[in-house]
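Visitor: Sharing a structure, written as structure tokens. Questions coming.
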Amino acid sequence: MEASFRWVLLTAVAPVAWGANYYVTREFLPPDRPLWGAALRALPAGLLLLALRPRRPRGAWWWRSALLGLLNTAGFFVLLYVASQSLATSVAATVMAASPLAMLLIAWALTAARPARAHLLGALVGLGGVGLMLLTRAEPVGLPGLAASAAAMLVSSLGYVLAGRWRDGPDVLATTAWQLVAGGLVLLPLAAAFEGAPAVPAGRELLAFGYAAVVATALAFTAWFTGLRHLPPGTVGLVGLLNPLTGVLLGTAVAGEGLGPLQIAGLLLVLAGVALGRPARGAARAKAPAVPGTPAARGRPVPSRRG
Numbered sequence: 132m133e134a135s136f137r138w139v140l141l142t143a144v145a146p147v148a149w150g151a152n153y154y155v156t157r158e159f160l161p162p163d164r165p166l167w168g169a170a171l172r173a174l175p176a177g178l179l180l181l182a183l184r185p186r187r188p189r190g191a192w193w194w195r196s197a198l199l200g201l202l203n204t205a206g207f208f209v210l211l212y213v214a215s216q217s218l219a220t221s222v223a224a225t226v227m228a229a230s231p232l233a234m235l236l237i238a239w240a241l242t243a244a245r246p247a248r249a250h251l252l253g254a255l256v257g258l259g260g261v262g263l264m265l266l267t268r269a270e271p272v273g274l275p276g277l278a279a280s281a282a283a284m285l286v287s288s289l290g291y292v293l294a295g296r297w298r299d300g301p302d303v304l305a306t307t308a309w310q311l312v313a314g315g316l317v318l319l320p321l322a323a324a325f326e327g328a329p330a331v332p333a334g335r336e337l338l339a340f341g342y343a344a345v346v347a348t349a350l351a352f353t354a355w356f357t358g359l360r361h362l363p364p365g366t367v368g369l370v371g372l373l374n375p376l377t378g379v380l381l382g383t384a385v386a387g388e389g390l391g392p393l394q395i396a397g398l399l400l401v402l403a404g405v406a407l408g409r410p411a412r413g414a415a416r417a418k419a420p421a422v423p424g425t426p427a428a429r430g431r432p433v434p435s436r437r438g
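In short: position in the sequence shown from 1, add 131, done, that's my numbering.
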């Protein structure tokens, strides 16, 4: 149980960093450059991790890295940038709290692994908290930004499930670096074609890009994919509820966004969802990296003592 809790704490670094990144993007980054914003977040982070772990993909990891780079980096970062610029920090972060339920359902469809009751209940409780926070807001929520946030949530949920399923590759630093570099290389020509030459960031904008690339990407994605290798997908998804919690708290405390009694009740439901999805005893051992050729490596559930 202590080992599982340590993996949960490490994984929690990611959603907390991402929750803060909504505020950083909205307040300090240029609003009309989503492609460049995503590229300058992904590529420097990927090159940093590649410098720390200089390895090349082998075999199936060439196309896996490209696919995961499209989902977890290129598509996700652009959609998230648009959502962060279009919505209040608390709203943009709150929509992502539907990710645990999406991850559970996608994992069920791809691997036929039925979600644990505690994970499903926690996802539904957390989603109820999200609905309470969104539907009781006095300010209107823009549909384009909401659509971008929902699409980012679905794209990343699919990518995270695939990343959790493909655990037969090398270490997390290398596979994370490949995804980020692949996504960044896809974004560079698109950004140049549709948004022209990038402006050279300076001052607070430079610091904001540094936070997005180093903390919210290189560090956060390494922690997140490590969690996906050692914890059940349902647990990882529910830890991700700390993303909207962080975004809402920052939006309220720093950006001055309103938070009434019903929004507070919604936050408590989100926290309850995280607590319901905590890993059962032995979960970390059950989710140890799969050996190629075993049922776990092929995506089928392995008998375990998970509750």
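All C-beta atoms, glycine included, are put in the ideal place defined by N, C-alpha and C.
#1: Quick one: give me the first and last residue of the alpha helix (DSSP H) that residue 296 is part of.
#2: Is it true that the CB of residue 179 sits closer than 8 Å to the CB of residue 345?
#3: What does the Cβ neighbour count give for residue 207, buried or exposed, with the cut at 16 atoms within 10 Å?
#4: Quick test of your reading: residue 305 and residue 184, contact by CB under 8 Å. State the CB separation rounded to the nearest angstrom.
#5: How long is the line joining the alpha carbons of residue 189 and residue 223, rounded to whole angstroms?
#6: Would you kindly report the start and end of the unbroken alpha helix (DSSP H) that includes residue 218?
#7: Would residue 215 pass as a contact of residue 383 if the rule is Cβ separation under 8 Å?
#8: Would you kindly check if the distance between the Cβ of residue 289 and the Cβ of residue 202 is under 8 Å?
#9: Between residue 138 and residue 374, is the Cβ-Cβ spacing less than 8 Å?
#10: Tell me whether the region 285-300 and the region 231-244 touch, counting them as touching only if at least three CB pairs, one residue from each stretch, are closer than 8 Å.
#11: Assuming residue 364 and residue 303 form a contact by the criterion Cβ under 8 Å, report the distance between their Cβ atoms to the nearest whole angstrom.
#12: Can the beta-carbon of residue 276 be found less than 8 Å from the beta-carbon of residue 230?
#13: So, helix, strand or coil for residue 401, using DSSP?
#14: Are the Cβ atoms of residue 144 and residue 308 separated by less than 8 Å?
#15: So, using beta-carbon positions, are residue 357 and residue 142 closer together than 8 Å?
#16: Identify whether residue 339 lies in helix, strand or coil by the three-state DSSP scheme.
#17: Assuming the contact rule is C-beta atoms closer than 8 Å, residue 260 and residue 398 should be a hit. Round their C-beta distance to whole Å, please.
#18: From which residue to which residue does the alpha helix (DSSP H) around residue 203 run?
Guide: On the basis of the supplied data:
#1: Translated into the one-based positions of the sequence shown, residue 296 becomes position 165. Run containing residue 296: 274-296, per the alpha helix (DSSP H) assignment.
#2: Against the sequence shown, residue 345 aligns to sequence position 214. Against the sequence shown, residue 179 aligns to sequence position 48. Yes.
#3: In the sequence shown, counting from the first residue as 1, residue 207 sits at position 76. Classification of residue 207: buried, given that the 10 Å Cβ count is 16 or more.
#4: On the sequence shown, position 174 is the one that residue 305 refers to. On the sequence shown, position 53 is the one that residue 184 refers to. Residue 305 to residue 184, Cβ: 5 Å. Contact.
#5: By 1-based counting over the sequence shown, the position of residue 189 is 58. By 1-based counting over the sequence shown, the position of residue 223 is 92. Near 37 Å, if we compare the C-alpha coordinates of residue 223 and residue 189.
#6: Looking up residue 218 in the sequence shown gives position 87. It is not in any alpha helix (DSSP H) - residue 218 carries neither H nor E in the DSSP assignment.
#7: Residue numbering aside, residue 215 sits at position 84 when the sequence shown is read from its first letter. Residue numbering aside, residue 383 sits at position 252 when the sequence shown is read from its first letter. It is not a contact, given that the beta carbons lie outside the stated cut-off.
#8: The residue labelled residue 202 in the question sits at position 71 within the sequence shown. The residue labelled residue 289 in the question sits at position 158 within the sequence shown. Cβ distance < 8 Å, so residue 202 and residue 289 count as in contact.
#9: Within the sequence shown, residue 138 is the residue found at index 7, counting from 1. Within the sequence shown, residue 374 is the residue found at index 243, counting from 1. No, these two residues do not count as a Cβ contact at 8 Å.
#10: Flag = yes, the region 285-300 and the region 231-244 touch.
#11: Along the sequence shown, read from residue 1 onward, the residue named residue 364 stands at position 233. Along the sequence shown, read from residue 1 onward, the residue named residue 303 stands at position 172. With a contact defined as Cβ atoms closer than 8 Å, residue 364 and residue 303 miss out at about 16 Å.
#12: Along the sequence shown, one-based indexing puts residue 276 at 145. Along the sequence shown, one-based indexing puts residue 230 at 99. By the CB criterion at 8 Å, residue 276 and residue 230 fall outside the cutoff.
#13: Indexing the sequence shown from 1 puts residue 401 at position 270. In the three-state reduction of the DSSP assignment, residue 401 falls in the helix class, which pools H, G and I.
#14: Within the sequence shown, the letter at position 13 stands for residue 144. Within the sequence shown, the letter at position 177 stands for residue 308. No, the Cβ-Cβ distance between residue 144 and residue 308 is not below 8 Å.
#15: Taking the first residue of the sequence shown as 1, we reach residue 357 at position 226. Taking the first residue of the sequence shown as 1, we reach residue 142 at position 11. Taking 8 Å as the Cβ cut-off, residue 357 and residue 142 qualify as a contacting pair.
#16: Residue mapping note: residue 339 aligns to position 208 of the sequence shown, counting from 1. DSSP places residue 339 in helix when its eight states are reduced to three.
#17: As a first step, residue 260 is located in the sequence shown; it is residue number 129 there, counting from the start. As a first step, residue 398 is located in the sequence shown; it is residue number 267 there, counting from the start. Cβ-Cβ separation between residue 260 and residue 398: approximately 7 Å, consistent with a contact (criterion under 8 Å).
#18: Position 72 of the sequence shown, counted from the first residue, corresponds to residue 203. Run containing residue 203: none; DSSP gives neither H nor E here.
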